[in-house]
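Q: In full-length UniProt numbering, the protein residues as written are 1 to 309. We put the CB at the ideal spot given by N, CA and C, even for glycine. Treat the numbers as computed from the prediction; the structure is a model and nothing was measured.
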């Protein structure tokens, strides 16, 4: 089930149990690198906790099928992986999805995916009517056979249509809004956002862009949102500087406006421990464009650097 009000339906629910550091809440943080580690960690802690928060995992799989939790266990899932599993979407008791509703999810309708099994049960009539004539029994039996045949045909057609819908929905994997941005929005709505949180949101968005997990349009849209937050924080920090505050870290956030153009760019990963040559050799875009795995590609790179001077 999608959570529409993050503060009321998520934060205030777990706050009554114990929240995060800013509210002096006790919690257990367990990093996992795969589904096996997640299952192991859940089995070790499922008896101690009722609420489980999954960050960057869990949205695109059937959690209840994988983890087999107790009926009172509740999962809050903040995950960027898409598409979201339809079972998680329509489970309104144990699965709470912390996903921005402005993401284009295109989730299939409930009736196209799920069907009431009771509707498919064959209703066999009682054929031991002592007072009925043989002809009446034969007619009633023929009607029941025709009705059951129609139901089986409708069932096959519905299952075929369901397979096509699920195939179209699940055939491509992609990423949505960064989990760091979702959590920062929650902190901002509660007026508890800090510069560190904003920086983590920036890092989360940058990671998506560098790893080619989002489109250029998505990156430009989200970076505009973060720039407005950065301007607000910097303005607040200026006021704190005037008040002689010791916590006044300033974030400089200037993005390249040329990204608004549709022209291609090198998109170099400029890590601190890389030289420009290392960046050209190891960035996916330039490595593929120059075909650096070949001798001819290495030569093209040297000619490119020579032309640059």
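Can you have a look at residue 82 and say buried or exposed, based on whether 16 or more other CB atoms are within 10 angstroms of its CB?
A: Residue 82 is buried by the Cβ-count criterion.
Q: May I ask which residues mark the beginning and end of the alpha helix (DSSP H) holding residue 202?
A: Unbroken alpha helix (DSSP H) run through residue 202: 195–210.
Q: Could you give the residue range of the alpha helix (DSSP H) that holds residue 281?
A: Residue 281 -> alpha helix (DSSP H) spans 276–282.
Q: Going by CA-CA distance only, name the one from 279, 85 and 173 that's closest to residue 210.
A: Looking at the Cα atoms, 279 is the closest of the given residues.
Q: Secondary structure at residue 294, three-state DSSP: helix, strand or coil?
A: Looking at residue 294 - three-state DSSP - the assignment turns out to be coil, as it is neither helix nor strand.
Q: Using 8 angstroms for Cβ pairs, my map puts residue 180 next to residue 200. What's the rounded Cβ distance?
A: Contact holds; Cβ gap of about 5 angstroms.
Q: Can you tell me whether residue 222 is buried or exposed? The criterion is at least 16 other CB atoms within 10 Å of its CB, across all chains shown.
A: Buried, because 16 or more other Cβ atoms sit within 10 Å of the Cβ of residue 222.
Q: Less than 8 angstroms between C-beta atoms, sequence neighbours within five positions excluded: which residues of the same chain meet that for residue 104?
A: Answer for residue 104: no residue qualifies.
Q: Assuming residue 53 is part of the beta strand (DSSP E), what are its boundary residues?
A: Run containing residue 53: 51–55, per the beta strand (DSSP E) assignment.
Q: Suppose the cutoff is 7 angstroms on Cβ atoms and the five residues either side in sequence are ignored; what does the same chain contact list for residue 175 look like?
A: Result list for residue 175: 80, 81, 82, 208, 213 and 214, in chain order.
Q: Given a cut-off of 8 angstroms, decide if residue 2 and residue 99 are closer than it, judged by their beta-carbon atoms.
A: Result yes, Cβ atoms of residue 99 and residue 2 sit closer than 8 angstroms.
Q: In chain order, what residues of the same chain have a beta carbon less than 7 angstroms from the beta carbon of residue 245, not counting five sequence neighbours either side?
A: Because the pLDDT of residue 245 is 42, which lies under 50, any placement of that residue in the model is unreliable, and the number read from its coordinates should be weighed accordingly. For residue 245, where only same-chain residues beyond five positions count, there are no Cβ hits under 7 angstroms.
Q: My output table needs one value for residue 309: the three-state DSSP class, helix, strand or coil.
A: DSSP places residue 309 in coil when its eight states are reduced to three.
Q: Based on Cα-Cα distance, which residue from 186, 172 and 59 lies nearest to residue 5?
A: When each option's Cα is compared against that of residue 5, the closest is 186.
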